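Participant: Terminal number for the sequence shown in this note's numbering: 454, no gaps in between.
The beta-carbon is built from N, C-alpha and C at its ideal position, and this holds for glycine as well.
Here the structure is a predicted model, which is why all the values come from computation and not from measurement.
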Amino acid sequence: MEPSQKVQPGGSERPQDESGLVLRLDRLRPEKRIMTAKPQAAKAAPAAIPNLPQHEPVEPEKKPKAPLPRETKKTVVYRSKRLHGLSQRVRNGISGTVMSLLAIVLLPTVAAGLYFAFVATPQYVSEFRFSVRPSDATQFQASVALESALIISNSYIVAEYSASRETVDALEKTVGLREIYSNEGIDYLSRLDPDASVEQLVSYWKNRITTHFDMATGISTIAVSAFTPEDALKITQELQLLCEKLVNDLSEKARKTQMAFAQSELDLAEQRLKDARDRDVALRAGQQSVDATKEAEGKLQLAARLRSNLSDLQSEFVTLSSYLDASSPKIAYLKKQIAAAEQQVANLQAQVGGGDDGSGTMSANDATRISQFEASKTDIDIATKLYQSSLQNYETARMKANSNQLYLATFIHPNIAQLAAYPRIFVDTFVFFLCTLGAWIVLTLIYYSVRDHA
1 MEPSQKVQPG GSERPQDESG LVLRLDRLRP EKRIMTAKPQ AAKAAPAAIP NLPQHEPVEP
61 EKKPKAPLPR ETKKTVVYRS KRLHGLSQRV RNGISGTVMS LLAIVLLPTV AAGLYFAFVA
121 TPQYVSEFRF SVRPSDATQF QASVALESAL IISNSYIVAE YSASRETVDA LEKTVGLREI
181 YSNEGIDYLS RLDPDASVEQ LVSYWKNRIT THFDMATGIS TIAVSAFTPE DALKITQELQ
241 LLCEKLVNDL SEKARKTQMA FAQSELDLAE QRLKDARDRD VALRAGQQSV DATKEAEGKL
301 QLAARLRSNL SDLQSEFVTL SSYLDASSPK IAYLKKQIAA AEQQVANLQA QVGGGDDGSG
361 TMSANDATRI SQFEASKTDI DIATKLYQSS LQNYETARMK ANSNQLYLAT FIHPNIAQLA
421 AYPRIFVDTF VFFLCTLGAW IVLTLIYYSV RDHA
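This is the structure we're talking about:
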């Protein structure tokens with residue numbers, strides 16, 4: 001600020017610059033007025049005495065007492081450069097700030113209001129509400145957090161899918177999305193370019209769809225806007241079918257993934273059982289025996305009976321030989337029976353495969369055959385039990401997977417709109433005004449900040 005001081009007697013004159021900040025000191029203390037008046041009078045008296053010759057004494061003339069000076073008023077003016085410049089701009093015309101306000105805020109707001117009121121094509125909205133639920137909610141009673149996480153995850157999946165390119169491609173094939181939104185009856189700013197690329201179509205579709213998920217209730221809302229009620233209803237119904245198909249596909253994929261391990265274990269157990277049975281059949285065919293164990297037991301029993309008969313014959317022969325002649329027919333007959341019994345035992349031992357060591361035990365060949373047969377039987381038993389366990393696990397997994405299936409529970413279906421939802425003339429215009437006003441304030445602050453620091 002530049003201070004400048006002007007003393008105006010009587011305060012009759014006004015400052016030339018009315019735009020400055022004026023501080024007036026209109027009254028002074030009386031003591032100071034008297035002190036300033038006496039020196040002025042003393043100085044004025046000698047100036048009033050005429051120059052006389054020195055040889056003529058002259059009595060000094062009595063001059064009238066000089067009047068006291070009038071009370072003066074002092075005005076101190078402080079000028080502000082910024083206020084002075086503002087006053088100059090106001091006197092010269094409209095300031096740049098006002099011009100920028102008109103250009104950035106007022107005129108665009110008026111144009112936006114006229115567009116919303118007379119140019120913009122009405123938009124109609126159709127929506128549906130749903131919740132992604134498990135088919136059997138009783139299994140989640142012990143874990144509410146697990147059920148909530150499952151519902152939230154799948155709901156967000158549906159919301160993201162509804163705005164994806166895959167959805168746009170499916171709707172383009174079924175309802176002709178590009179043709180609907182590029183109709184000539186739609187205003188230029190809202191109409192889709194008929195030659196738009198797929199990426200531009202997806203970006204345009206994201207502006208025509210609204211998704212919302214309520215965390216408290218688990219309810220999802222999908223709304224679609226179009227420029228006729230019929231188009232909005234048709235698109236929303238087809239989008240609902242796509243979302244239901246998505247949930248069903250996800251559920252089926254989860255079910256197959258959950259059953260894949262059980263199915264693989266069942267296949268392994270079944271193959272193991274088949275291999276064990278094939279080895280057993282090959283072993284039986286190689287041994288030419290249905291049951292080597294039972295055959296060996298039969299041979300042992302037959303051999304025991306033959307040995308018992310042979311022992312009886314030999315005992316009778318010894319007894320008869322003690323008192324009969326060797327040429328007796330009875331002795332000859334016993335010799336023939338003993339020889340026949342010994343031949344039968346020898347033949348049986350040959351069939352068994354190695355003879356007898358005299359203690360009534362089997363040969364090593366029969367033991368090997370029975371050992372192989374028992375090992376094959378054990379493998380079959382283990383493979384059978386493993387197969388039964390795998391089959392039971394598979395059934396359990398199948399029942400659990402079926403109970404874990406998800407479905408899209410739609411409780412509010414799409415309906416045809418009666419009134420246009422957009423544009424909201426006053427609300428949209430006011431929002432546009434607030435946006436432009438905020439932009440103007442930011443730009444103005446940036447301009448003055450740069451100018452003050454330049």
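How should ASP193 be labelled, buried or exposed, when 16 other C-beta atoms within 10 angstroms of its C-beta is the threshold for buried?
Facilitator: With fewer than 16 other beta carbons inside 10 angstroms of its own, ASP193 counts as exposed.
Participant: Could you give the DSSP three-state label for SER371: helix, strand or coil?
Facilitator: DSSP, reduced to helix, strand and coil, places SER371 within a helical segment of the structure shown.
Participant: If we call anything under 9 Å between Cβ atoms a contact, is SER403 one with SER135?
Facilitator: yes
Participant: To the nearest angstrom, how far is it from the Cα of PRO275 to the Cα of ARG284?
Facilitator: The sequence given here has Asp at residue 275, not Pro. Their Cα atoms are separated by approximately 14 Å.
Participant: Between PHE426 and the rest of its own chain, which residues show a CB-CB distance below 7 Å, the 5 nearest in sequence each way excluded?
Facilitator: Within the same chain, PHE426 has no close Cβ partners at all.
Participant: If you scan the segment 221-261 from start to end, which runs of the alpha helix (DSSP H) of 4 or more residues do you find wholly inside it?
Facilitator: none
Participant: Is the beta carbon of THR444 sitting closer than 9 Å to the one on THR97?
Facilitator: In contact: THR444 and THR97 (Cβ atoms closer than 9 Å).
Participant: Secondary structure at GLN5, three-state DSSP: helix, strand or coil?
Facilitator: Caution applies to GLN5, whose pLDDT of 41 falls short of 50 and renders its modelled position unreliable; the model cannot decide the point.
Participant: Going straight from the alpha carbon of VAL224 to that of ASP195, what length do you get?
Facilitator: Each residue's CA atom was taken as its position, placing VAL224 and ASP195 some 22 Å apart.
Participant: Using 10 angstroms around the beta-carbon of PRO39, count the other beta-carbons present and answer buried if the total reaches 16, otherwise exposed.
Facilitator: Unreliable placement is indicated for PRO39, whose pLDDT of 45 sits below 50; no coordinate value is reported for it.
Participant: So, is SER521 buried or exposed, given that buried needs 16 or more other C-beta atoms within 10 angstroms?
Facilitator: As displayed, the chain neither begins before 1 nor continues past 454, which places residue 521 out of reach and without an answer.
Participant: Pull the bridge partners of ILE303 from the DSSP assignment, please.
Facilitator: Residue identity check: residue 303 is Ala in the sequence provided, not Ile. For ALA303, which the question treats as bridged, DSSP gives no partner whatsoever.
Participant: If you follow the alpha helix (DSSP H) that PRO108 is part of, which residue opens it and which one closes it?
Facilitator: 107-114
Participant: For THR436, is the classification buried or exposed, using 16 other Cβ atoms within 10 angstroms of its Cβ as the cut-off for buried?
Facilitator: buried
Participant: Out of curiosity, what's the CA-to-CA distance linking ILE446 and VAL198?
Facilitator: 40 Å
Participant: Identify, in the order they occur along the chain, each residue of the same chain with its Cβ nearer than 6 Å to the Cβ of LYS269, setting aside the five sequence neighbours on each side.
Facilitator: For clarity, residue 269 is Ala in the given sequence; the question names Lys instead. When the five nearest sequence neighbours on each side are left out, the beta carbons in the same chain lying within less than 6 Å of the beta carbon of ALA269 are those of LEU386, TYR387, SER390, in order along the chain.
Participant: With a threshold of 8 Å on Cβ separation, who are the neighbours of PRO53 within its own chain once the five nearest residues in sequence on each side are excluded?
Facilitator: Residue placement at PRO53 is flagged as unreliable, the pLDDT there being 47, under the threshold of 50; the coordinate-derived value follows with that caveat. Closer than 8 Å at the Cβ level, and outside the excluded window around PRO53, lies no residue.
Participant: Need the endpoints of the alpha helix (DSSP H) that SER97 sits in, please.
Facilitator: Checking the sequence shown, residue 97 turns out to be Thr, not Ser. Taken as a continuous stretch (DSSP letters only), the alpha helix (DSSP H) holding THR97 covers 96-101.
Participant: Tell whether a beta-carbon distance below 9 Å holds between PRO414 and THR236.
Facilitator: yes
Participant: Any idea what DSSP makes of PRO329, helix, strand or coil?
Facilitator: helix
Participant: Give every residue of the same chain whose Cβ lies closer than 6 Å to the Cβ of ALA117, excluding the five residues on either side of it in the sequence, and list them in chain order.
Facilitator: The answer, listed in chain order, is ILE425.
Participant: Along the alpha helix (DSSP H) that carries TYR448, what are the first and last residues, could you check?
Facilitator: 425-452 is the span of the alpha helix (DSSP H), which, as asked, contains TYR448.
Participant: Between ALA332 and SER321, what straight-line distance do the alpha-carbon atoms span, to the nearest angstrom?
Facilitator: 10 Å
Participant: Anyone know if the C-beta pair for ARG133 and ALA409 falls short of 9 Å?
Facilitator: Taking 9 Å as the cut-off, the Cβ atoms of ARG133 and ALA409 count as close.
Participant: Go ahead and label ALA48 buried or exposed: buried means 16 or more other beta carbons lie within 10 angstroms of its beta carbon, across all protein chains shown.
Facilitator: Since pLDDT at ALA48 reaches only 43, below the 50 mark, its modelled position is unreliable, and the value read off the structure follows with that caveat. Label assigned to ALA48: exposed.
Participant: Determine the burial state of PHE411: buried for a count of at least 16 other Cβ atoms within 10 Å of its Cβ, exposed for fewer.
Facilitator: exposed
Participant: Can you list, in chain order, the residues of its chain whose CB lies under 7 Å from that of THR384, leaving out five sequence neighbours each side?
Facilitator: Hits under 7 Å: LEU273.
Participant: Exposed or buried, what is LYS234 when buried is set at 16 or more other beta-carbons lying within 10 Å of its beta-carbon?
Facilitator: buried
Participant: Are the CB atoms of VAL110 and PHE130 within a distance shorter than 9 Å?
Facilitator: Result no, Cβ atoms of PHE130 and VAL110 do not sit closer than 9 Å.
Participant: Since ALA226 contacts ASN393 with CB under 8 Å, what's their CB separation in whole angstroms?
Facilitator: About 52 Å; that fails the 8 Å criterion.
Participant: Out of curiosity, what's the CA-to-CA distance linking ARG398 and LEU241?
Facilitator: 27 Å
Participant: Starting from the Cα of ILE186, find the closest Cα among THR121, ASP325, GLN337, LEU114 and give me that residue.
Facilitator: Nearest C-alpha to ILE186: THR121.
Participant: Please identify the residue among GLU230, GLU342, SER449, PHE430 whose C-alpha is closest to the C-alpha of LEU419.
Facilitator: GLU230
Participant: Keeping to the same chain, check which residues put their C-beta closer than 6 Å to that of VAL442; ignore five residues upstream and five downstream.
Facilitator: none
Participant: Put ALA346 into one of helix, strand or coil per three-state DSSP.
Facilitator: If DSSP states are grouped into helix, strand and coil, ALA346 belongs with the helices.
Participant: Under the three-state reduction of DSSP, which class applies to GLN405: helix, strand or coil?
Facilitator: coil
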